[in-house]
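**Student:** Chains as they are written, first to last, in this note's numbering: chain D, 13 to 531; chain S, -16 to 474. Every residue gets a Cβ at the ideal spot worked out from N, C-alpha and C, and that includes glycine. The structure's right below; bear with me while I get my questions together.
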Amino acid sequence: MLQKQVLEQFQKIVGPENVDDGEVMTNAYSYNWCMEFVNSMEGKEPLPFSSIPKAVLLPSNVEEVQQIVRICNKYNIQFKAQSTGLGPWNQPSSDNCVILDLRRMNKIIKIDERNLFAVVEPYVSGAQLQAETMKVGLMVHMPGAGPQVSPLASATSMNGPGFTSPHTGHSARNVLGVEWVLPDGEILKLGSTGLKNNSDWYIGDGPGPSLRGIMRGWAGAKSGIGVFTKVAFKLFPYPCSTKFKLSGISPNYEFEIPDYMKLYVIDCKSYNHLEKVFLKIEEEEISFICSHLSSYGLGAIFSNSIESLLDKIPIVGMKVPLVVLIAARTKREFEYKQKVMSKIMIDFKLENVIGSKYNPNSLFYAEALRSNLGLHGFIATGGFQSSKGQCDTVKVCLKTTKMSIPLKKKYIKRGVIGNDFGEGVWITSYESGHYFHIESPTMFDQTDEKSVKGMAENMEENHQFDLIKHLGAPFFVEGDKMHDLFGPEMMNYHIWLRKIKKAFDPNGIADSGFYISAK
Amino acid sequence: MNDYESEDTLFHSLAKICGSKNITIDPQNLKLYSNDMSFFKGNSPNLITWPSKTQEVVKIIKLANQMEFSIIPVSSSSKYRHHGDTIPRKDNSIIMNLTKMRKVISIDKKNRVVMIEPGVTFEELIPKLRKKSLRLLLPLYPTGTKSVLTSVLEREPIIIPRYHWDTSDPLLCTEVVFGTGDLFRTGTAAGPGTLSQQKKVGQAHVNPMGPTQFSPYRVIQGAQGSLGIVTWATLKLELVPTVQKVFHYHSNNIEELLDFQQKLVKYRLCDETFILNNLNLACLVKKTRNEIEDLANSLLKWNLIYILAGRGDLTNDKLNYLEGDINDLMGDSNLEHLESSNLIDRNEILECTNNYTSEPWRTRYKCSYQDIFFISNFENISNYIKKVELKYPENLGIYFQPINQGTSYHCEFDLYYDSKNEKETKDLQGKFNEISIDLMDSGAFFNRPYGYWAKEVYARHIEETSIALRKVKSIFDPKNVLNPGVLCFDE
Ligand SMILES: Cc1cc2nc3c(=O)[nH]c(=O)nc-3n(C[C@H](O)[C@H](O)[C@H](O)COP(=O)(O)OP(=O)(O)OC[C@H]3O[C@@H](n4cnc5c(N)ncnc54)[C@H](O)[C@@H]3O)c2cc1C
Chain D
13 MLQKQVLEQF QKIVGPENVD DGEVMTNAYS YNWCMEFVNS MEGKEPLPFS
63 SIPKAVLLPS NVEEVQQIVR ICNKYNIQFK AQSTGLGPWN QPSSDNCVIL
113 DLRRMNKIIK IDERNLFAVV EPYVSGAQLQ AETMKVGLMV HMPGAGPQVS
163 PLASATSMNG PGFTSPHTGH SARNVLGVEW VLPDGEILKL GSTGLKNNSD
213 WYIGDGPGPS LRGIMRGWAG AKSGIGVFTK VAFKLFPYPC STKFKLSGIS
263 PNYEFEIPDY MKLYVIDCKS YNHLEKVFLK IEEEEISFIC SHLSSYGLGA
313 IFSNSIESLL DKIPIVGMKV PLVVLIAART KREFEYKQKV MSKIMIDFKL
363 ENVIGSKYNP NSLFYAEALR SNLGLHGFIA TGGFQSSKGQ CDTVKVCLKT
413 TKMSIPLKKK YIKRGVIGND FGEGVWITSY ESGHYFHIES PTMFDQTDEK
463 SVKGMAENME ENHQFDLIKH LGAPFFVEGD KMHDLFGPEM MNYHIWLRKI
513 KKAFDPNGIA DSGFYISAK
Chain S
-16 MNDYESEDTL FHSLAKICGS KNITIDPQNL KLYSNDMSFF KGNSPNLITW
34 PSKTQEVVKI IKLANQMEFS IIPVSSSSKY RHHGDTIPRK DNSIIMNLTK
84 MRKVISIDKK NRVVMIEPGV TFEELIPKLR KKSLRLLLPL YPTGTKSVLT
134 SVLEREPIII PRYHWDTSDP LLCTEVVFGT GDLFRTGTAA GPGTLSQQKK
184 VGQAHVNPMG PTQFSPYRVI QGAQGSLGIV TWATLKLELV PTVQKVFHYH
234 SNNIEELLDF QQKLVKYRLC DETFILNNLN LACLVKKTRN EIEDLANSLL
284 KWNLIYILAG RGDLTNDKLN YLEGDINDLM GDSNLEHLES SNLIDRNEIL
334 ECTNNYTSEP WRTRYKCSYQ DIFFISNFEN ISNYIKKVEL KYPENLGIYF
384 QPINQGTSYH CEFDLYYDSK NEKETKDLQG KFNEISIDLM DSGAFFNRPY
434 GYWAKEVYAR HIEETSIALR KVKSIFDPKN VLNPGVLCFD E
């Protein structure tokens, strides 16, 4: 509950219908997917609830966000912003926090076909935007989370790996202009967006140093450095024909595979061989998707239910699979890319199981085009979290995979996480193979306390493992505890990050539960 | 202590760090650093020092914090310094010349990455990489003696937009000494572990982002040496093509060339591509004034260059597909009438896209030039051309470079003049200022605000930009020892 005078001021800003500090609404907002896991990591009871927010506010534009943040500063109340709000990182870390649910800010501001970018508000989903960009032959980079999440949140505040990363890069690297309400309530506009005269969204860096480096890193600040109200990011050529033919009823659609796409699923047999094949394919700059998944993970991306997962024997038996989807705008391009693939298959003695031993449901191609493959991770147990998340060469990704198998197996043996033979990882290439990331999606049962606690332990041990073995910093180095663990081993970066927090949020108003506090 | 004594103390303190033979107070030498090719006027430095190790850089910066002198880092061995960013603005300044830090630390073909120190120049690195069938992502025909690292830190535009995935490319990880004297490594180079521990597990420092939730390399880039001094960096490379096919179209209508080029970039069909006016293309490929004039007179006003490239056994297949698709695109866009030009030998163009030049190509026509450059979207380009041509109709070179996957353009107007002619120089200076301001007022985005531009540029941005940048400065260089006075960091 808010003090009456604060509530009234918030009501004045967003209208009484757009602020609620009642028990029902605030309790509902304290739930989130995987919150029980985060609680468990923090040594708390594994309940799926966070601290209860003081209120939930639904601002509709940047000015309202700014006024809310100013009131928060005045009354020393923290805020947590969320776009579509899926995941524990959307939750307040104290009971002195209001949630800014940005769902009313749902407009596509512009699709600039000529300058190849889009400008969106927080609650625009990837799917919503892609439906529009396809009309002009362009596509959006969407994170592996899927087309239902917010590309703005991904670009400004979260992570950024996606299945189409060889072709569309990483969310953090696609950012152009940004509109940003700082934790002290000032509005910052990055790059050409900050021009007083003739401002536009085409670049986000300068004049001089790029403040994008303060906005986020490999991971985003998860609302710990302010609220992003608009962002521009690059659009990429749609990889194939945009003409779709769809029939059937959800979820069993029939999809006519558009011109021109071809899928390759290859068993590279060993991690060494996989490294060479991965690099070769990416050097040729032909892939739309180029990912390594464990054979179990591979089964999952082709399945829509546990039952259908079980009939994937030809692919589930693979040792070290690689999934490559090539796509082309013209027949010539398609033929060339197939020729390159054929040559690689011969040179590296590989066999494509697609078309010979297995043919996926046509829906797979639609899901690949709209970045829907990640959601299959939920099929087996309903819950998963990724440990790892480091990003550099394919070599370190594969080494991490190999070295971590015994660790994962330990928890599989205890029966607390799903059995993927310890090999369950996702590795994708970016920007035609210039860098790669690895994560280890790990399945667990969110309704089983033992499983939740086991998963938390597994995550913690993975963090320690990555630290000691110098395998890179994982995704979830966030919050004071983790920064204090990794910082001293990483050039004391946490000291600099704290200085940034202090300079940009002098009153500590942006909830830093998933960022860093000034201390 | 009087000035003389404090200078003496400074000399001795620095000599302890990097040896007296690596310091000079020779007035002739110092004078070289009190001006450059720009109109910017500053001071002469007190001395020049040549550190050769990172630890020396650390110690010198710490000393500057103690003794309160300023440091201006310089990396190029080139005498062609420009834009005023290395001219001291304060009295008590030293030049930190990094040309002795010139190791190519590693070349990694598998991961397409090179690690270099700041003193490594284009003339050294290009051939070294070529031997391994690798190539740098180059700006347009760079000067050989220019530091590769500073070119990247300055965000000089590269000429292959499809490989320009982010504004920061090709910069990856860095080792940097902040203005506080603290050593730091950005991106994956931050750790965990030392560089060799990281290498042992297969890392090659190819991910610039981070560590974790911030990306300090982005603020160091574009800072004109005012936040940190980079002591090495990794840069992204590409494989050398075995065949490169050059295309040259010219037209008096820039819109149609821009339209055509946009399609090439959008569908990632070509490697290098840029548009030059006749004078600049002539300056690029010819050496003498007469040759330049002859060629410029025979070319149509606007010239689109693009290069298709392939590698290995399927090169011909690739080129056939690309050429076929491009022909179709021209047909679909009613651009078949575009005139292909054969006035320039294709190898002359390849020399400018694959190699370095010993003298800046922009000095070939009239010995001197002043360049005005900024970023724009497509729509405003014609308007900017009109504005500049109105004020400087002759001796004007123009260059447009799509960058960042074609989402914006580096626009450059090169004002050629004879600096030995006093009147011409004075007139030019007036025009240079007038045109710059006019462009700024029309919304041109000067993302690299050098010299006198800086004040004008920040005045045309919302105030929060300068406020935020000053916060960043107060974190990384709280005592203002690094290149004070540049950007919005007033003395
Ligand atoms: C099952 C699952 C799979 C995933 N897989 C991937 C993946 O493959 N790749 C990947 O990159 N990510 C992945 N994620 C994380 C995902 O990127 C983000 O959840 C999503 O991209 C962001 O969109 P969202 O609308 O869900 O953001 P939200 O969940 O609403 O927000 C994400 C974070 O950003 C903050 N935030 C949101 N909007 C703003 C704003 N406007 N201003 C300031 N802070 C804000 C929130 O507080 C939160 O901390 C996955 C998440 C889930 C749940």
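Quick test of the definition: if touching needs 3 or more C-beta pairs under 8 Å, does the region 284 to 303 of chain D touch the region 438 to 448 of chain D?
**Tutor:** yes
**Student:** According to DSSP, is I420 of chain S helix, strand or coil?
**Tutor:** Numbered from 1 along the second sequence, position 437 holds the residue referred to as residue 420 of chain S. Note: I420 of chain S maps to helix in three-state DSSP.
**Student:** Tell me, which residues are paired with A93 of chain D by DSSP?
**Tutor:** As a working note, residue 93 of chain D is residue 81 in the first sequence. Note: A93 of chain D sits in a beta bridge opposite D:L112.
**Student:** Between the C-alpha atoms of K208 of chain D and I445 of chain S, what's the straight-line distance to the nearest angstrom?
**Tutor:** Translated into positions along the first sequence, residue 208 of chain D becomes position 196. Translated into positions along the second sequence, residue 445 of chain S becomes position 462. About 6 Å.
**Student:** Verify the contact flag: Q180 of chain S, CB atom, against every heavy atom of ligand 1, threshold strictly below 7 Å.
**Tutor:** Locating residue 180 of chain S in the second sequence gives position 197, where the first residue counts as 1. Q180 of chain S Cβ: outside cutoff for every heavy atom of ligand 1.
**Student:** By how many angstroms is the C-alpha of Q11 of chain S removed from the C-alpha of M(-16) of chain S?
**Tutor:** Along the second sequence, read from residue 1 onward, the residue named residue -16 of chain S stands at position 1. Along the second sequence, read from residue 1 onward, the residue named residue 11 of chain S stands at position 28. Low local confidence applies: a pLDDT of 42 at M(-16) of chain S is under 50, so the model's placement there is unreliable, and no value is given.
**Student:** Note down the Cα distance separating H188 of chain S from K246 of chain S, rounded to an integer number of angstroms.
**Tutor:** Locating residue 188 of chain S in the second sequence gives position 205, where the first residue counts as 1. Locating residue 246 of chain S in the second sequence gives position 263, where the first residue counts as 1. H188 of chain S and K246 of chain S: Cα-Cα distance of roughly 33 Å.
**Student:** My output table needs one value for G476 of chain S: the three-state DSSP class, helix, strand or coil.
**Tutor:** Past the edges of chain S, shown from -16 to 474, lies residue 476 of chain S, and the structure says nothing about it.
**Student:** Considering only residues of the same chain and omitting the five flanking positions on each side of L310 of chain D, which have a CB-CB separation below 6 Å?
**Tutor:** Counting from 1 along the first sequence, the entry for residue 310 of chain D is found at position 298. The residues are I327 and P333.
**Student:** Does any residue of chain S bring its CB to less than 8 Å from the CB of L207 of chain D?
**Tutor:** Counting from 1 along the first sequence, the entry for residue 207 of chain D is found at position 195. L207 of chain D belongs to the set of residues whose beta carbon lies under 8 Å from a beta carbon in chain S.
**Student:** For G295 of chain S, which residues from the same chain have a beta carbon less than 8 Å from its beta carbon, with the 5 sequence-adjacent residues on both sides left out?
**Tutor:** Here residue 295 of chain S refers to the residue found at position 312 of the second sequence. Cβ within range, chain order: T225.
**Student:** At what residues does the beta strand (DSSP E) containing G170 of chain S begin and finish?
**Tutor:** Numbered from its first residue, the second sequence carries residue 170 of chain S at position 187. No residue range can be given for G170 of chain S, since it is assigned to no beta strand (DSSP E) and is classified by DSSP as neither H nor E.
**Student:** Rounded to whole angstroms, what is the Cα-Cα separation between G232 of chain D and Q196 of chain S?
**Tutor:** In the first sequence, the residue the question calls residue 232 of chain D occupies position 220. In the second sequence, the residue the question calls residue 196 of chain S occupies position 213. Computed Cα separation, rounded: 5 Å.
**Student:** Can you determine whether any heavy atom of ligand 1 sits closer than 7 Å to the C-beta of W45 of chain D, and answer yes or no?
**Tutor:** By one-based count along the first sequence, residue 45 of chain D stands at place 33. Yes, the beta carbon of W45 of chain D sits closer than 7 Å to at least one heavy atom of ligand 1.
**Student:** Could you pull out every residue in the same chain whose Cβ sits closer than 6 Å to the Cβ of S198 of chain S, ignoring the five residues on either side in sequence?
**Tutor:** For the purposes of this step, residue 198 of chain S is taken as residue 215 along the second sequence, with counting starting at 1. Excluding sequence neighbours, S198 of chain S sits near M192.
**Student:** For N474 of chain D, name the three-state secondary structure that DSSP assigns.
**Tutor:** To locate residue 474 of chain D, count along the first sequence from 1; it is residue 462. Note: N474 of chain D maps to helix in three-state DSSP.
**Student:** Quick test of your reading: T487 of chain S and D19 of chain S, contact by CB under 8 Å. State the CB separation rounded to the nearest angstrom.
**Tutor:** No information on residue 487 of chain S is available, as it lies outside the stretch -16 to 474 that chain S covers here.
**Student:** Spatial neighbours of Y250 of chain D within its chain, please: C-beta separation below 7 Å, excluding the five flanking residues on both sides.
**Tutor:** Taking the first sequence and counting its residues from 1, one reaches residue 250 of chain D at position 238. Same-chain partners within the cutoff: M146, G149, L150 and M151.
**Student:** Have a look at Y232 of chain S and D397 of chain S and give me their C-alpha separation to the nearest angstrom.
**Tutor:** Translated into positions along the second sequence, residue 232 of chain S becomes position 249. Translated into positions along the second sequence, residue 397 of chain S becomes position 414. Between Y232 of chain S and D397 of chain S, the C-alpha separation is close to 21 Å.
**Student:** Roughly how many angstroms lie between the CA atoms of G185 of chain S and H147 of chain S, to the nearest whole one?
**Tutor:** The sequence position of residue 185 of chain S within the second sequence is 202, counting from 1. The sequence position of residue 147 of chain S within the second sequence is 164, counting from 1. Near 25 Å, if we compare the C-alpha coordinates of H147 of chain S and G185 of chain S.
**Student:** In whole angstroms, what separates the C-alpha of F488 of chain D from that of P71 of chain D?
**Tutor:** Position 476 of the first sequence, counted from the start, is the residue given in the question as residue 488 of chain D. Position 59 of the first sequence, counted from the start, is the residue given in the question as residue 71 of chain D. Roughly 29 Å between the two C-alpha positions.
**Student:** Does the Cβ of A157 of chain D lie closer than 7 Å to at least one heavy atom of ligand 1?
**Tutor:** For the purposes of this step, residue 157 of chain D is identified with residue 145 of the first sequence, where counting begins at 1. Flag set: Cβ of A157 of chain D near ligand 1.
**Student:** If contacts are defined as beta-carbon pairs under 8 Å, then V243 of chain D and V77 of chain D qualify, I think. What distance do you get, rounded to the angstrom?
**Tutor:** Start at 1 with the first residue of the first sequence, and residue 243 of chain D comes out as number 231. Start at 1 with the first residue of the first sequence, and residue 77 of chain D comes out as number 65. Their Cβ separation, rounded to whole angstroms, is 14 Å, which puts V243 of chain D and V77 of chain D out of contact at 8 Å.
**Student:** Shortest alpha-carbon distance to F526 of chain D belongs to which of D:F433, D:E133 and D:G491?
**Tutor:** The residue you call residue 526 of chain D lines up with position 514 of the first sequence. Out of D:F433, D:E133 and D:G491, D:G491 has the C-alpha closest to the C-alpha of F526 of chain D.
**Student:** By the 8 Å beta-carbon criterion, what residues does the region 439 to 454 of chain S contribute toward chain C?
**Tutor:** Of the protein chains in this structure, namely D and S, none is chain C.
**Student:** What's the gap between the Cα of M467 of chain D and the Cα of T459 of chain D?
**Tutor:** Position 455 of the first sequence, counted from the start, is the residue given in the question as residue 467 of chain D. Position 447 of the first sequence, counted from the start, is the residue given in the question as residue 459 of chain D. Taking the straight line joining both Cα atoms gives about 12 Å.
**Student:** Against chain D, which members of the region 141 to 160 of chain S pass a CB distance test of less than 8 Å?
**Tutor:** W148, D149, T150 and S151
**Student:** Using CA coordinates, which residue listed in S:V248, S:K83, S:K370 and S:G426 is at the minimum distance from Y289 of chain S?
**Tutor:** Reading the second sequence from its first residue, position 306 is the one you call residue 289 of chain S. That would be S:V248, whose Cα lies nearest to the Cα of Y289 of chain S.
**Student:** Looking only at its own chain, which residues have a Cβ that is under 7 Å from the Cβ of L98 of chain D, when we skip the five neighbours before and after it?
**Tutor:** Residue 98 of chain D sits at position 86 when you count from the first residue of the first sequence. Contacts found: W45 and V161.
**Student:** List the endpoints of the continuous beta strand (DSSP E) containing K257 of chain D.
**Tutor:** Looking up residue 257 of chain D in the first sequence gives position 245. From DSSP, the beta strand (DSSP E) with K257 of chain D extends over K257 to I261.
**Student:** Would you grab the beta carbon distance between I215 of chain D and I358 of chain S for me? Rounded to a whole angstrom, and I think it's under 8 Å.
**Tutor:** Mapped onto the first sequence, residue 215 of chain D falls at position 203. Mapped onto the second sequence, residue 358 of chain S falls at position 375. Yes, I215 of chain D and I358 of chain S are in contact; Cβ-Cβ is about 5 Å, under 8 Å.
**Student:** Give a yes or no on contact between the region 181 to 190 of chain D and the region 398 to 409 of chain S, applying the rule of three or more CB pairs nearer than 8 Å.
**Tutor:** no
**Student:** From S:C471, S:R64 and S:R251, pick the residue whose C-alpha is nearest to that of R134 of chain S; which is it?
**Tutor:** On the second sequence, residue 134 of chain S is found 151 positions in, with the first residue counted as 1. At residue 134 of chain S the sequence reads Ser, which differs from the Arg that was named. Nearest option by C-alpha distance: S:R64.
**Student:** Just how far apart, CA to CA, sit F361 of chain S and S391 of chain S?
**Tutor:** Here residue 361 of chain S corresponds to residue number 378 of the second sequence, with the count starting at 1. Here residue 391 of chain S corresponds to residue number 408 of the second sequence, with the count starting at 1. Distance between the alpha carbons of F361 of chain S and S391 of chain S: 7 Å.
**Student:** Using a C-beta to C-beta distance shorter than 7 Å, which residues of chain S count as neighbours of M502 of chain D?
**Tutor:** Counted from its first residue, the first sequence places residue 502 of chain D at position 490. A173, G174, P175 and P194, listed in chain order.
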